[in-house]
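Scroll down for the structure; my scribbles are underneath it.
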Amino acid sequence: MFKLFEPNKIFSITSKAPKYVLFLFVIVLSVGLTEALILSPEDYKQGHSVRIMYVHVPAAWIALGIFSAVTLLSILGYITKFKNFFLIAKSLAPSGFVFNIVALVTGSIWGKPTWGTWWAWDARITSMLILALFYGMYLISWRIYEDKEKVFQVSTIITILGIINVPITKYSVDWWNTLHQPASINIFTKSSIHSSMLFPLLIMTAAFALFSLLIFLMKYNTELIKIKNKGLDRL
Amino acid sequence: MINEILIMNGYGLYVWSSFLFTFLSFLSLYLIIKTQYIKEKNKFIAKFGNLNSERAASARLQNINKEILSNSTNI
Numbered sequence: 000m001f002k003l004f005e006p007n008k009i010f011s012i013t014s015k016a017p018k019y020v021l022f023l024f025v026i027v028l029s030v031g032l033t034e035a036l037i038l039s040p041e042d043y044k045q046g047h048s049v050r051i052m053y054v055h056v057p058a059a060w061i062a063l064g065i066f067s068a069v070t071l072l073s074i075l076g077y078i079t080k081f082k083n084f085f086l087i088a089k090s091l092a093p094s095g096f097v098f099n100i101v102a103l104v105t106g107s108i109w110g111k112p113t114w115g116t117w118w119a120w121d122a123r124i125t126s127m128l129i130l131a132l133f134y135g136m137y138l139i140s141w142r143i144y145e146d147k148e149k150v151f152q153v154s155t156i157i158t159i160l161g162i163i164n165v166p167i168t169k170y171s172v173d174w175w176n177t178l179h180q181p182a183s184i185n186i187f188t189k190s191s192i193h194s195s196m197l198f199p200l201l202i203m204t205a206a207f208a209l210f211s212l213l214i215f216l217m218k219y220n221t222e223l224i225k226i227k228n229k230g231l232d233r234l
Numbered sequence: 000m001i002n003e004i005l006i007m008n009g010y011g012l013y014v015w016s017s018f019l020f021t022f023l024s025f026l027s028l029y030l031i032i033k034t035q036y037i038k039e040k041n042k043f044i045a046k047f048g049n050l051n052s053e054r055a056a057s058a059r060l061q062n063i064n065k066e067i068l069s070n071s072t073n074i
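Sequence order for the protein chains is A and B. Its first residue numbered 0, the first sequence is counted upward by one per residue in numbering that gives the first Met the number 0. Its first residue numbered 0, the second sequence is counted upward by one per residue in numbering that gives the first Met the number 0.
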């Protein structure tokens with residue numbers, strides 16, 4: 000089954016896909032921005048500041064999702080010794096890190112008009128900051144270790160330690176009395192968000208997911224060419 | 000209408016700075032990754048050009064090398 004994921008086989012797809020993904024991203028983003036900044040209503044309590052939600056929430060969701068995927072791929076790579084899993088994980092991490100930073104900064108900007116402060120050592124905010132540190136450690140581990148086996152081992156350990164923080168981030172608003180509001184969207188129970196706000200939120204989430212796919216494809220292609228460059232040196 | 004969108008009852012500065020920060024981060028990441036991609040690709044093309052005909056023919060047998068060389072203009 001792993002043969003389907005052989006770099007030689009998938010490069011022909013991944014090298015052509017970015018331009019289509021970029022085109023789709025621009026279309027979905029244009030619809031999302033029109034909805035988020037113009038068409039969606041203001042909140043009865045928070046006024047127009049609620050519009051920050053349309054960048055803050057998708058960024059946080061995707062940052063958490065990508066870290067979970069990176070962990071899963073690293074563990075699979077470690078168990079199966081199939082190196083392409085590590086390559087996919089490494090290519091996913093930069094966009095996850097940027098989404099994490101976006102979630103922290105936009106959350107801080109949203110905090111000022113709603114809570115009256117830029118920062119609070121609240122469970123949700125602190126756990127997102129810890130996640131950014133794990134992303135940072137993961138990315139640095141790929142830069143500092145030359146030996147491939149060592150980097151596979153260290154990066155997997157970092158993700159395993161970091162994944163403990165993901166459910167803490169998700170449920171922090173339920174487990175502790177936090178300044179951060181509880182989740183408004185639930186998959187299994189009725190969401191407390193109105194459809195006029197849910198629709199733009201989902202569109203912006205789709206746009207952000209397309210952007211992370213675009214960055215992943217570009218980074219993955221770069222990593223494959225790097226490997227091929229080393230291969231040419233050996234010829 | 001335009002003023003309402005820009006000022007947003009006093010929340011405009013917070014909303015616009017959040018969106019601006021988000022898209023500047025996206026643009027920076029895109030440009031960094033694209034620069035890395037172009038750098039690696041140019042390195043590959045230069046190395047490929049330096050191979051002698053026998054080695055170049057052997058390297059050309061690999062599909063991925065053909066893909067890299069054929070798809071060299073855009074991403």
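Note that CB positions come from ideal geometry on N, CA and C, so glycine has one too.
Measure the C-alpha to C-alpha separation of residue i and residue j and round it to an integer number of angstroms.
{"i": "residue 73(B)", "j": "residue 217(A)", "result": "Legend: pLDDT at residue 73(B) = 49, less than 50; position of this residue unreliable, value from coordinates given subsequently. Rounded to whole angstroms, residue 73(B) to residue 217(A) spans 11 Å at the Cα level."}
{"i": "residue 10(A)", "j": "residue 223(A)", "result": "8 Å"}
{"i": "residue 46(B)", "j": "residue 103(A)", "result": "42 Å"}
{"i": "residue 175(A)", "j": "residue 169(A)", "result": "11 Å"}
{"i": "residue 162(A)", "j": "residue 49(B)", "result": "46 Å"}
{"i": "residue 6(B)", "j": "residue 41(A)", "result": "13 Å"}
{"i": "residue 54(A)", "j": "residue 53(B)", "result": "54 Å"}
{"i": "residue 135(A)", "j": "residue 97(A)", "result": "10 Å"}
{"i": "residue 20(A)", "j": "residue 27(A)", "result": "10 Å"}
{"i": "residue 15(A)", "j": "residue 44(A)", "result": "47 Å"}
{"i": "residue 18(A)", "j": "residue 30(B)", "result": "15 Å"}
{"i": "residue 154(A)", "j": "residue 226(A)", "result": "19 Å"}
{"i": "residue 200(A)", "j": "residue 206(A)", "result": "10 Å"}
In chain order, what residues of the same chain lie with their CB nearer than 8 Å to the CB of residue i, ignoring the 5 residues before and after it?
{"i": "residue 1(B)", "result": "none"}
{"i": "residue 195(A)", "result": "39, 40"}
Name the chain A residues whose beta carbon is nearer than 8 Å to that of residue i?
{"i": "residue 30(B)", "result": "Ordered by position in chain A, no residue passes the 8 Å Cβ test against residue 30(B), which lies about 11 Å from the chain."}
With 16 other CB atoms within 10 Å as the buried threshold, where does residue i fall?
{"i": "residue 245(A)", "result": "Since the first residue shown for chain A is 0 and the last is 234, residue 245(A) is missing from the structure and cannot be characterised."}
{"i": "residue 26(B)", "result": "exposed"}
{"i": "residue 193(A)", "result": "exposed"}
{"i": "residue 147(A)", "result": "exposed"}
Along chain A, which residues have their Cβ under 9 Å away from the Cβ of residue i?
{"i": "residue 1(B)", "result": "Within chain A, no residue comes near residue 1(B); the closest Cβ sits about 11 Å away, beyond 9 Å."}
{"i": "residue 52(B)", "result": "Residues of chain A passing the Cβ test: none, with the nearest at roughly 12 Å."}
Could you list which residues in chain B have their beta carbon closer than 7 Å to that of residue i, in chain order?
{"i": "residue 217(A)", "result": "32, 33, 36, 74"}
{"i": "residue 46(A)", "result": "8, 10"}
{"i": "residue 117(A)", "result": "Within 7 Å Cβ-Cβ: nothing; residue 117(A) doesn't reach chain B, min ~11 Å."}
Who are the Cβ neighbours of residue i in its own chain at under 7 Å, not counting the five residues just before and after it?
{"i": "residue 178(A)", "result": "114, 119, 121"}
{"i": "residue 108(A)", "result": "51"}
Got a sec? Which residues, its chain only, sit under 6 Å from residue i by beta carbon, not counting five neighbours each side?
{"i": "residue 158(A)", "result": "69, 70, 73"}
Taking C-beta to C-beta, are residue i and residue j nearer than 8 Å?
{"i": "residue 39(B)", "j": "residue 33(A)", "result": "no"}
{"i": "residue 214(A)", "j": "residue 94(A)", "result": "yes"}
{"i": "residue 90(A)", "j": "residue 165(A)", "result": "no"}
{"i": "residue 13(B)", "j": "residue 149(A)", "result": "no"}
{"i": "residue 105(A)", "j": "residue 21(B)", "result": "yes"}
{"i": "residue 209(A)", "j": "residue 75(A)", "result": "no"}
{"i": "residue 171(A)", "j": "residue 126(A)", "result": "yes"}
{"i": "residue 197(A)", "j": "residue 190(A)", "result": "yes"}
{"i": "residue 130(A)", "j": "residue 99(A)", "result": "yes"}
{"i": "residue 44(B)", "j": "residue 37(A)", "result": "no"}
List the residues of chain B whose Cβ lies closer than 8 Å to the Cβ of residue i, in chain order.
{"i": "residue 58(A)", "result": "21"}
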